[in-house]
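Written below as structure tokens is the structure these notes are about.
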Amino acid sequence: MNTLAPNQFRRIAEIAQARWGLHLTDKKLPLVSNRLASFLRHSRFGSIEEYLSHLERECDEEDMLVFFDLLSTNVTSFFRDQQHFDYLERELYTPLARGNIVTPGRRIRIWSAACSTGQEPYSLAINALECLPDLGAWDFRILATDLSTFAVEQAKAGRYAEDKVAEVPPELRRKHFARVRSEREAIYEVSPEVRGLVTIARMNLMDPWPFRGKFDVIFCRNVMIYFNADTRRSLVLRFHNLLRPGGILAVGSAETLAGLDVPFRAAQASVYVKE
Numbered sequence: 003m004n005t006l007a008p009n010q011f012r013r014i015a016e017i018a019q020a021r022w023g024l025h026l027t028d029k030k031l032p033l034v035s036n037r038l039a040s041f042l043r044h045s046r047f048g049s050i051e052e053y054l055s056h057l058e059r060e061c062d063e064e065d066m067l068v069f070f071d072l073l074s075t076n077v078t079s080f081f082r083d084q085q086h087f088d089y090l091e092r093e094l095y096t097p098l099a100r101g102n103i104v105t106p107g108r109r110i111r112i113w114s115a116a117c118s119t120g121q122e123p124y125s126l127a128i129n130a131l132e133c134l135p136d137l138g139a140w141d142f143r144i145l146a147t148d149l150s151t152f153a154v155e156q157a158k159a160g161r162y163a164e165d166k167v168a169e170v171p172p173e174l175r176r177k178h179f180a181r182v183r184s185e186r187e188a189i190y191e192v193s194p195e196v197r198g199l200v201t202i203a204r205m206n207l208m209d210p211w212p213f214r215g216k217f218d219v220i221f222c223r224n225v226m227i228y229f230n231a232d233t234r235r236s237l238v239l240r241f242h243n244l245l246r247p248g249g250i251l252a253v254g255s256a257e258t259l260a261g262l263d264v265p266f267r268a269a270q271a272s273v274y275v276k277e
């Protein structure tokens, strides 16, 4: 019998909070129960209790990452929340192109802090290419990170089914993707020019960050909804320390920094500027 009991769910919630900062409420119990039941049918574990005991006592990091993938939901799309990309064009790229603002060494650094399967960082790269025609003359890099091993592998592959690129405007699809044929369907592969702007790696946001330089833009969208208020505030303050003065932080359209008492100015809905 693989129905998740309330006390077992509490143990799962404790692991998720300690390892990844995830705040799992009781509303998530049915979803977690269904996913665990599906996983256990094809695993070597005979019950939820056996699996939880393994996680709590003897599992390695790879087992934990499999467990994280069971709890996480990788929902994303190309140019999701278009207003964020419009803001970058209006407030960053256009002033840079006109010389109204400058960056030392023409250096621009962007972090997609929860890149999922890659649509967000590749959208950021395409947006930059379209807004700065001489982008090759800039020291421009996008770092994309995610905790999910599955998501990072998909992002690195840079290959998407036709329905995944349907929201990309046809002109941009022709310029920045190559249509290739698989055995069953058409696949769109991100162009080498776009891929060359993006570095993808697996990283836990709760761990110490290895970065040395400052970022101009950080996208951390639809992640903080899984955290409690203390974890959200701590994370946002870490983002603040990592951004240059005037740097931009974009969060999910359903997220807000209101009530966190952090030194950011609201620029527009779900977009904030470091004060």
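The working numbering puts the first residue of the sequence shown at 3, with every later residue one more than the last. Ideal placement from N, C-alpha and C gives every residue a C-beta, glycine not left out.
Annotation: the continuous beta strand (DSSP E) that includes residue 113 extends over 109-114. Excluding five sequence positions before and after residue 95, the CB atoms of its chain that fall closer than 6 Å to its own CB belong to 133 and 134, given in chain order.
Annotation: residue 97 to residue 20 spans about 43 Å, alpha carbon to alpha carbon.
The distance from the Cβ of residue 252 to that of residue 234 is about 15 Å, inconsistent with a contact at the 8 Å cut-off. The alpha-carbon of residue 155 is positioned some 9 Å away from that of residue 204. Contact check for residue 217 against residue 245 passes: the beta carbons are separated by less than 8 Å. Per DSSP, residue 5 lies in no beta strand (DSSP E) and is assigned neither H nor E.
Contact between the stretch 71-81 and the stretch 23-37 is present, with at least three C-beta pairs closer than 8 Å. Contact annotation: residue 273 and residue 86 have beta-carbon atoms nearer than 8 Å. For residue 189 and residue 177, the gap between their C-alpha atoms comes out near 15 Å. With 16 or more neighbouring CB atoms inside 10 Å of its own CB, residue 111 falls in the buried class. Each of 175, 103 and 257 was checked against the Cα of residue 124, and the nearest Cα belongs to 175. Within its own chain, the residues whose Cβ lies closer than 7 Å to the Cβ of residue 208, once the five positions on either side in sequence are excluded, are 22 and 23, listed in chain order.
Boundaries of the beta strand (DSSP E) around residue 141: 141-148. The Cβ neighbour count for residue 15, taken over all protein chains shown within 10 Å, is at least 16; the residue is labelled buried.
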